[in-house]
Amino acid sequence: MDNTLIGQPEKPLLKRRKAKHAMKDVVYEIKKESRFRKTLIIAAISLIILVMAFFITLIIGSIPSFKALGIRFLYGKTWDPVNNIFGAYPFLLGTLITSFLALIISIPFSVSIALFLGEYYPKGWFSNLLKNAIELIAAIPSVIYGFWGLFVLVPIVRQMEMKTAVLPYGVGILTASLILSVMVIPYAASMGLEIVKMTPLKLKEAAYSLGAIRYEVIRTVIFPYAKSGLLAGILLSLGRALGETMAVTMVIGNSSRIPKNIFAPGNTMASVVANEFTEAAGSVYLSALIELGLVLFLVTAIINIAGKSIIKRFSKM
Amino acid sequence: MESTIIKSENFNAWFGDNHVVKSVTVDIPKNSLIAVMGPSGCGKTTFLRCINRMHELTLGARTEGSVRLYADEIYDMHPILVRLKIGMVFQHPNPFPNMSIYGNVIAGYKLNGRKISRSEKDDMVEDSLRKAALWMEVRSTLRRKGSFLSGGQQQRLCIARAIAMKPDVLLLDEPTSALDPISTSSIEDLLIELKKIIRSS
């Protein structure tokens, strides 16, 4: 009896100490958790601050130009740095035309590749080759596309133009769009491919069990399922096309006049900024280039937001 | 022999190295409801899928032996033709989510590019839905998406979709396994009814 009484106090003490220890561990774990969460929040917030800082810098930088030119900057048709006349309209037009033209050229290819890899040949040496080729296309630096365009595509386009009635520049809107269309294929193709692959097997089986051929399965089952994803990929490639600078500037002809047709030389906003930044002498000139950057920023943002709402509407259907 | 619709002889199926269906020989008479039973993983589904050649969608599946529909060897026919004559209902209800109830029933015709007139379509939809015991429940909501229906209704819609094609044989792969007891018994009653009005197995 005594023995047990003497012995007993020891045990709870030991247990309590252990419990205390465990509590410490838990507190430590909770602290670790909150520290980890703070790190994540810092990363998230700093990104938002960065985007806002970009935006604010562009706005402050373009104030002198805005004071000098006002809203005329957007619809002015002449870009004459010598006389301090800056109208961004030719470049705005050039950017939009090259991007949408590139998109129209690339869509048949990227959708076909997405369906080919997603549904017809998901495995095998040929599809692996194709997948690697797509990744490579995305990874090649744009200056190399510019070179290729200059030495291969420009002579081809010039030959083509010589046979028709247009002036054979070779460089111009069409050449830039062709280069861009190659460059943007990977974005739409790889995103579309993932969505096509995600089409539920049970829906495909339902169609096959009714005696459908593959084309019909793609048209009535896979396409309705994957269309919002395909659209998202196309939007991604549009964003890429709008901002592409190096390859475009090498083949577009760098003309400040409004292009009369798609064979004529023109220029895009990104290309002008890159080309003329080093030679911008006056403060208004420099500011006009920054404002051009701001317009590009806004155009990209607007198209992104519009595209997202379209995707939302499509995926509801 | 005239009354045999499906005749399989020494039929084997493999997935890769896995021998799933081992020399099945069976005669299935016309106008009958035949159940295939066995523990899970014994190859019931595989055997069914081999009858309308759905197994060919799976990579690495191969078969040996013969399955005949009447006198024709299924493996000498075009798979599309086989699937038109032998319909199938799956374990999980799979109506097309982008089509209305009406569209789902005539989906087979749409998928095959067969042109049928408006009134024929209407008749077929009503007839198939009646046979699938779904008409009374959905006749006022035919234009709504099929995915709004309950699980049991969706499965009956899939049955209607399969019988709209007027197949010679209807394969049902555990059509009630994903459903509640009430839907299960209604589908079982339905199958017995179907046996009386159309040929099926």
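Chains as they are written, first to last, in the numbering used here: chain A, 1 to 317; chain B, 318 to 518. From the three backbone atoms N, C-alpha and C, an ideal C-beta is built for every residue, glycine too. Computed from a prediction, not measured in an experiment: that's the story for all the values here.
Same chain, Cβ closer than 7 Å to residue i, neighbours up to 5 away in sequence not counted
i	result
A/Ser228	Ile311, Phe314 and Ser315
A/Tyr208	Val217
B/Asn411	Cys475
A/Thr4	With a pLDDT of only 47 at A/Thr4, under 50, the local geometry of the prediction cannot be trusted, and the value read off the model is given with reservation. Same-chain partners within the cutoff: there are none.
A/Gly67	Looking at the sequence provided, one finds Lys at residue 67 of chain A rather than Gly. Cβ within range, chain order: n/a, list empty.
A/Met162	Pro168
Residue i versus residue j - alpha carbon distance
i	j	result
B/Met318	B/Cys367	Here the model assigns B/Met318 a pLDDT of 42, short of 50, so the residue's position is not dependable, and the following value carries that caveat. B/Met318 and B/Cys367: Cα-Cα distance of roughly 22 Å.
A/Pro259	A/Leu167	12 Å
B/Arg447	B/Glu390	33 Å
A/Pro90	A/Gly243	16 Å
A/Phe297	A/Val184	19 Å
B/Leu451	B/Gln472	10 Å
A/Lys77	A/Ile179	26 Å
A/Arg35	A/Ser110	44 Å
B/Gln470	B/Phe407	14 Å
B/Ser436	A/Asn304	46 Å
A/Gly94	A/Ile262	10 Å
B/Gly355	B/Thr362	10 Å
A/Ile144	A/Ile85	34 Å
A/Gly282	A/Ser62	13 Å
A/Leu289	A/Ala274	9 Å
A/Val171	A/Glu194	36 Å
A/Ser181	B/Ile509	59 Å
B/Leu386	B/Leu398	11 Å
A/Ile30	A/Ala189	44 Å
A/Thr300	A/Leu117	30 Å
A/Phe73	B/Asn429	57 Å
A/Leu150	A/Lys131	27 Å
B/Ile403	A/Lys123	30 Å
A/Ser309	B/Thr493	40 Å
A/Thr175	A/Gln159	12 Å
A/Ser271	A/Leu129	33 Å
B/Met453	A/Ile48	56 Å
A/Thr57	A/Gly87	21 Å
A/Lys38	A/Phe54	24 Å
Residues that residue i contacts on chain A, provided the C-beta gap is smaller than 9 Å
i	result
B/His409	Lys202
B/Leu401	Leu210 and Gly211
B/Asn329	What B/Asn329 touches in chain A: nothing, since even the nearest Cβ is about 22 Å away.
B/Leu374	Leu201, Lys204, Glu205 and Tyr208
B/Met482	Leu210 and Gly211
8 Å Cβ shell around residue i - same chain, five flanking residues per side excluded
i	result
A/Val152	none
B/His372	Ala330, Thr363, Arg366, Ala378 and Thr380
B/Met416	Ala424, Lys462 and Gly463
B/Phe413	Gly420, Asn421, Ala424 and Gly463
B/Ile322	Ile345, Pro346, Lys347, Leu386, Tyr387, Asp485, Val486, Arg516 and Ser518
Proximal residues of chain B, C-beta to C-beta of residue i below 7 Å
i	result
A/Val221	Phe413
A/Ile213	Ile397
A/Pro224	Asn415
Cβ neighbours of residue i in the same chain (closer than 6 Å, five flanking residues each side left out)
i	result
B/Gly333	Gly377
A/Gly307	Leu235
B/Val422	Val442, Ser445, Ala477, Arg478 and Ala481
B/Leu365	Leu488 and Asp490
A/Ser285	A small fix is needed here, since residue 285 of chain A is Tyr in this sequence, not Ser. Closer than 6 Å at the Cβ level, and outside the excluded window around A/Tyr285, lie Pro81.
A/Asp2	In this predicted model, A/Asp2 has a pLDDT of only 47, less than 50, meaning its place in the structure is not dependable; the value taken from the coordinates is given anyway. Cβ neighbours of A/Asp2 beyond the five flanking positions: none.
A/Ser106	Ser181, Val184 and Ile185
A/Thr199	Ile222 and Tyr225
B/Ser320	Pro346 and Lys347
Integer Cβ distance of residue i from residue j, believed to fall under 8 Å
i	j	result
B/Ile418	B/Thr375	Wrong, their Cβ atoms sit about 30 Å apart, outside the cutoff.
B/Thr380	B/Phe328	7 Å
A/Glu119	A/Ile222	6 Å
A/Ser65	A/Glu276	So it is not a contact: roughly 13 Å between Cβ atoms.
A/Gly192	A/Ala226	7 Å
A/Ile252	A/Ile173	7 Å
A/Met246	A/Leu92	Not a contact, Cβ separation roughly 20 Å.
Per-residue contacts from residue i into chain B (C-beta, under 9 Å)
i	result
A/Glu216	Lys427, Leu428, Asn429 and Gly430
Interface partners of residue i on chain A, CB under 7 Å
i	result
B/Ala424	Leu210
B/Met354	Simply none; closest approach about 22 Å.
B/Met441	The contacting residues do not exist; B/Met441 stays about 14 Å from chain A at best.
Interface residues of chain A facing residue i [CB-CB closer than 8 Å]
i	result
B/Asn369	Ser209
B/Gly404	Ser209 and Leu210
Pick out the complete beta strand (DSSP E) segments inside the stretch 391 to 469 of chain B, 3 residues or longer, and give them in chain order.
Runs of the beta strand (DSSP E) inside the stretch 391 to 469 of chain B: 403 to 406.
Runs of alpha helix (DSSP H) wholly within the stretch 261 to 297 of chain A (minimum 4 residues, chain order):
Taking only runs of at least 4 residues, the alpha helix (DSSP H) segments lying wholly in the stretch 261 to 297 of chain A are 269 to 276.
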